[in-house]
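Comments concern the structure below.
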Amino acid sequence: MNIEWILSNYGVLLPEAVLTLFAFAIILIGLKYRSILGYLAFVGGVVSLGLVIMNFSVNATLLYNSLVFDPLSQFFKVVFLLVTLLTIIASLRYYHGNAHQGEYYFLLLIATVGMMFVASANDLVSLFVAFELGSIATYVLAAFDKENPRSIEAGFKYFMIGALSSAILLLGMSLIYGITGTTNFTALSQMSFEMSGYTLAALVLIIAGLGFKMALVPFHMWAPDTYQGAPTVVSAMLAAGSKKMGFVAAFKLIVLALIALRTEWYMVFAVIAVITMTYGNLVALTQRSLKRMLAYSSIAQAGYIAMALVVVSYTHVDSVVNLAMGGALFYILSHAFMKGGAFLAVGTVGYMLLRDKIKVDEDDIDNFSGLSKTAPITAFSLTVFLFALAGIPLTAGFVSKLLIFSAAIYGGLAWLAVIAILNSALSLFYYARVVKVMYWDKPKFDLKGEPTAYVVAVLLALLGTVLLGVYPGPFVDVAMKVAEVFL
Amino acid sequence: MIPVMYVLALAMTVFAIGVFGMVSARSGIRMMMSIELMLNSANINLVAFSNYHDDISGQVFALFSIALAAAEAVVGFAILLMIFRHKGAINVDTINILRW
Amino acid sequence: MMFTISAMILIPFIGALLASIFRGGAKAIALVFSLVPLVISLVMYQQIHDPSTLSYVEHYGWISALGISLKFGIDGLSLPLLILTGIVFPLTIIYSWRLPYTPQVFYPLMLVLESALIGVFTALDFIIFYIFWELTLIPLYFVIGMFGGPKREHAAIKFFIYTHVGSLVMLLGVFALYFESGIGSFDLLSLIGAFATLPTDLRNIIFAAILFGFIVKLPSVPLHGWLPDAYCEAPTPGTVVIASLLSKMGAYGILRISLPMLPAVPSLTLFVKIIAILGVVSILYGAFLALAQTDLKRMIAFSSVSHMGYVLIGVASFSALSLSGAMFQMFSHGLIIALLFMLVGVIQSNTGTRMIPELSGITNKMPIVAFLVMGGFLASLGLPGMSGFVAEFLTLMGAYPSLPVYVLLALVGVLITASYYIWAMQRALFGPYNENLGEVKDVGAIQMLPMAILLGLIILFGLHPAPILKLFEAVAVFVEVLI
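Residue numbers (the working numbering), protein chains in the order written: chain A, 1 to 487; chain B, 1 to 100; chain C, 1 to 483.
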């Protein structure tokens with residue numbers, strides 16, 4: 001039992017271990033030195049990210065096959081860590097001097113650890129535990145600004161719906177266990193199921209439980225309230241990171257483990273995907289609060305990603321499955337940049353209003369009038385993020401949509417692709433409206449300079465969005481390679 | 001030995017009571033209790049199936065989920081406490097700032 | 001010459017970055033960088049050997065998983081359009097020199113637009129073509145929205161969404177083509193080649209979807225809904241670029257992609273008839289609408305619909321003569337319409353109105369403008385000796401054997417065109433001076449220069465069309481053989 005033995009057997013756990021260590025260190029150091037905590041969390045995230053990337057093509061299982069470390073899990077860990085890093089950079093400014101910084105960064109890192117374990121889970125038990133770890137920490141984060149009634153309300157709603165969905169998910173899992181007698185994904189994937197009332201109930205409960213986390217309609221009602229009310233840096237993390245936890249859990253549970261069940265179910269997924277994107281886009285059209293608009297747009301985006309589930313349930317041709325899942329993974333990566341960046345840009349404006357003591361609703365669309373003159377970098381970046389979300393070329397959003405829509409057509413679901421394309425044309429209305437307000441309306445407030453930390457975070461997200469759009473080749477190749485896990 | 005179907009029926013009844021409570025309750029505490037009921041119905045299921053399959057992992061799962069339910073309750077009550085501080089009540093009808 | 005086309009696309013883009021950083025020098029930077037593509041395309045013109053095949057081909061990987069690659073090249077069809085782009089942009093920038101547009105915003109947008117247009121005219125991979133195609137919308141959205149007229153917000157969003165939906169339909173058609181043919185590459189020529197191998201009923205749908213996207217951009221009646229608002233609300237430089245170059249994207253797409261597919265379309269006669277009808281209806285309907293306008297800018301906007309109808313006639317004719325006429329129409333119309341819209345801009349800014357009834361006898365006060373307007377109008381109505389005549393004459397003559405009825409109807413359109421131009425000229429330029437206009441000044445030297453150059457080019461290519469026409473003829477003959 002020396003250090004080498006531990007490293008050779010448990011070395012793949014290092015990223016999570018480092019992050020956990022940093023989290024506890026932050027709590028301790030936070031008792032005395034508050035000003036360095038954000039940087040410490042950032043360093044922890046960077047080290048962890050480096051370790052994940054170093055071990056990207058690993059293939060190992062741990063703890064009686066309850067955790068698996070493969071390119072799929074590493075891919076999602078990269079996404080989670082990138083989002084966390086962006087959030088930390090912006091928080092350096094937002095929570096500067098806050099008395100509870102230690103707890104904030106602790107929760108942020110622990111939530112990330114939870115999400116990373118979800119990506120590695122290979123067993124119902126480990127999945128549920130990791131899922132709860134990732135969720136419970138984010139409930140607190142959403143309610144973190146405890147002086148702000150909106151934040152508490154956001155946290156409360158998020159908590160109630162989240163706890164409800166965990167209970168539903170757990171019941172579904174218990175039924176799966178009852179039917180099969182095993183909790184391991186590898187064992188589950190080799191089983192053949194008979195379609196009965198129990199399997200039906202189990203699948204419905206699991207789709208509902210995960211649907212809440214992914215914010216698919218009709219399980220979406222918490223998302224707009226939570227994203228609007230939570231501190232904007234946290235909203236960025238929830239929309240860009242935490243939501244992906246639901247996706248990776250769904251991919252693992254529905255696509256990998258319950259492979260025998262998902263056939264015949266494509267119509268259910270199709271209906272959910274179509275309703276989700278259409279509802280999200282239609283309601284987003286009417287919003288005045290930008291955070292709420294982004295929340296609904298995020299619901300719509302989840303609908304596009306869910307198309308991958310439809311395609312893989314409909315067809316089992318390897319090349320189609322690979323394209324669909326590769327597209328979904330690429331979409332998830334680019335969505336992390338686009339949506340995270342958009343929320344952070346909105347947060348920049350909210351912060352500037354707060355700093356300059358202008359008392360208005362922080363995210364009302366009127367606050368953004370003439371932003372191109374008062375905060376040019378933020379306005380330009382937000383424009384790029386919104387166009388990316390709409391799927392305009394040379395941004396990550398275009399390539400993602402290209403991949404996932406072409407997967408739908410390739411899989412023989414042209415009607416689904418047509419609906420999705422119409423939806424993305426519809427979404428242009430509300431994105432273009434924000435751009436209009438920022439670029440050709442008169443400035444409403446005199447804002448004094450853009451905060452550096454926010455600008456850095458926004459520019460990093462911008463870099464990701466543009467890089468994935470202009471030079472997507474290698475990233476698409478990686479996503480396709482990772483997606484081979486699903487074949 | 002009690003047939004597994006009976007236990008399953010019990011679990012489902014408890015779950016249904018939880019869902020009903022969740023929908024009808026106006027007090028935050030009642031909602032928390034309903035969630036506990038729902039989680040526990042799943043635990044009953046897990047233990048019963050563990051016995052049925054003669055496999056220990058179901059009971060392990062139940063233990064984990066009990067621990068997690070406790071953690072969740074802590075966070076939930078903390079949030080409720082803050083609501084109480086702001087509004088002087090934990091009636092969910094008063095939580096209505098965010099809406100479209 | 002490895003990176004010639006990449007350089008052409010990238011240099012204006014780099015110029016855009018520089019112009020947005022160096023505010024003071026934005027105009028000069030924009031002018032210099034917008035001239036580079038003209039120089040490069042003229043060098044290409046010198047060196048091109050066989051205009052009927054592709055040259056200067058560049059090929060880099062982009063998304064290998066879908067078989068998308070960055071492939072560029074030029075031939076006799078795209079080179080004149082590159083030259084046109086290279087002519088129009090510097091002239092537009094000179095024209096805007098004294099106009100009150102925020103330089104560090106306006107000029108970068110124009111340069112990005114130039115990059116995107118060059119990309120459209122050179123791309124040989126469908127997705128890359130689509131990317132540049134869509135990319136042209138964004139700078140224009142800002143140009144219309146930030147610098148446009150009173151209804152600019154409405155016009156900008158309408159233009160953006162209308163043409164975006166058109167392009168999405170086209171994209172769907174291409175997806176269907178790509179996956180049904182199973183060639184695993186978005187290479188433009190391979191895709192067109194694979195079109196004939198598809199099932200019969202699918203071919204009709206795919207062809208229609210792709211044609212739809214191009215026709216929206218052209219625009220042809222009945223899909224011209226975005227045009228009046230966009231043309232009239234855009235600032236003059238924006239209108240010039242949309243009318244002279246953006247509409248050529250649609251025409252270029254039809255000639256580059258739809259035309260080679262046409263022989264393999266199962267309902268060939270039906271589609272030829274539809275295209276010919278669309279062409280004639282555009283010519284006549286556009287002309288009638290122009291006749292009814294009192295707004296000079298709107299009149300010219302509808303005349304543009306009318307003139308782009310000739311391209312459709314040329315496509316439907318299947319004759320090399322008519323095709324080369326239609327291609328030449330793209331080039332010539334690009335010059336003429338740029339001149340006309342620039343003139344409208346000058347008239348509006350100097351007199352404060354562009355309503356024909358309010359303008360009267362401005363010849364007395366603005367002799368240079370009046371002379372240029374006369375030149376532009378006569379060129380546009382197809383006076384012999386001007387480039388418009390060559391194009392329309394060739395198109396109609398070549399199309400007469402196969403489409404006699406349509407050609408006769410189009411000739412009616414020519415008559416109406418002549419009448420609305422002459423009528424407008426009579427009302428706006430001549431007659432007693434409308435004293436309500438007050439003291440108006442003639443055009444300044446800076447704005448006169450680009451317009452004079454344009455008129456000179458129009459007359460030059462009217463008298464001696466061969467330098468450009470020979471490129472188009474080579475392509476047209478080649479296409480005719482294919483068909």
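We put the CB at the ideal spot given by N, CA and C, even for glycine.
Query, Result
"Partners in chain A for residue 142 (chain C), counting only beta-carbon separations shorter than 7 Å", "439"
"Three-state secondary structure assigned by DSSP to residue 62 (chain C)", "strand"
"Within 7 Å of chain A by C-beta, residues of the stretch 53-77 of chain B in sequence order", "53, 55, 57, 58, 60, 61, 64, 65, 68, 71, 72, 75 and 76"
"Buried versus exposed, by CB contacts within 10 Å (16 or more), residue 355 (chain A)", "exposed"
"DSSP-derived helix/strand/coil call for residue 400 (chain C)", "coil"
"Whole-angstrom distance between residue 89 (chain A) and residue 184 (chain C), CA atom to CA atom", "42 Å"
"Endpoints, alpha helix (DSSP H) assigned at residue 34 (chain B)", "28-53"
"Buried/exposed call for residue 436 (chain A), threshold 16 Cβ in 10 Å", "buried"
"Coil, strand or helix - residue 191 (chain A) by DSSP", "coil"
"Alpha-carbon to alpha-carbon, residue 73 (chain B) and residue 29 (chain B)", "10 Å"
"Span separating the alpha-carbon of residue 146 (chain A) from that of residue 453 (chain A)", "23 Å"
"Chain B residues whose Cβ lies nearer than 9 Å to that of residue 177 (chain A)", "45, 46, 49, 50, 53, 55, 57, 58 and 61"
"CA nearest to the CA of residue 62 (chain B), picked from A:244, A:254, A:119 and A:128", "A:128"
"Run of the alpha helix (DSSP H) containing residue 79 (chain B), from where it starts to where it stops", "57-87"
"Contacts of residue 183 (chain A) in chain B (Cβ-Cβ under 8 Å)", "57, 58 and 61"
"Residue 70 (chain C): first and last residue of the uninterrupted beta strand (DSSP E) it sits in", "68-74"
"C-alpha distance - residue 45 (chain C) paired with residue 85 (chain C), whole-angstrom precision", "14 Å"
"Short Cβ contact (9 Å threshold) for residue 325 (chain C) with residue 253 (chain C)", "no"
"Collapsed DSSP secondary structure at residue 99 (chain A) in the structure displayed", "coil"
"In DSSP terms, what residue 250 (chain A) is bridged to", "Residue 250 (chain A) is not bridged to any residue."
"Three or more C-beta pairs below 8 Å linking the stretch 83-97 of chain C and the stretch 28-37 of chain C", "yes"
"Environment of residue 363 (chain A) [buried if 16+ CB atoms lie within 10 Å]", "buried"
"CB contact below 9 Å: residue 185 (chain C) versus chain A", "no"
"C-alpha distance - residue 283 (chain C) paired with residue 473 (chain C), whole-angstrom precision", "24 Å"
"9 Å Cβ cutoff, residue 108 (chain A) in contact with chain B", "no"
"Buried versus exposed, by CB contacts within 10 Å (16 or more), residue 151 (chain C)", "exposed"
"Exposure of residue 465 (chain C), with buried meaning 16 or more beta-carbon neighbours within 10 Å", "buried"
"Integer-rounded CB distance, given that residue 226 (chain C) should sit under 8 Å from residue 136 (chain C)", "Not confirmed; about 14 Å, so no contact."
"Segment limits, beta strand (DSSP E) that includes residue 62 (chain A)", "60-62"
"Chain C contact residues for residue 293 (chain A), given Cβ-Cβ distances below 8 Å", "Residues of chain C passing the Cβ test: none, with the nearest at roughly 16 Å."
"Stretch pair the stretch 276-286 of chain A + the stretch 242-253 of chain A: three plus CB contacts closer than 8 Å", "no"
"Close-in-space but distant-in-sequence residues of the same chain around residue 139 (chain C) (CB under 8 Å, 5 per side omitted)", "109, 110, 112, 113 and 116"
"Below-9 Å beta-carbon distance, residue 17 (chain B) vs any chain A residue", "no"
"Rounded straight-line distance, which links the Cα of residue 261 (chain C) to that of residue 196 (chain C)", "8 Å"
"Classification of residue 354 (chain C) by the beta-carbon crowding that lies within 10 angstroms, buried from 16 upward", "buried"
"Residue closest to residue 98 (chain A), alpha-carbon to alpha-carbon, out of A:76, A:31, A:80 and A:68", "A:31"
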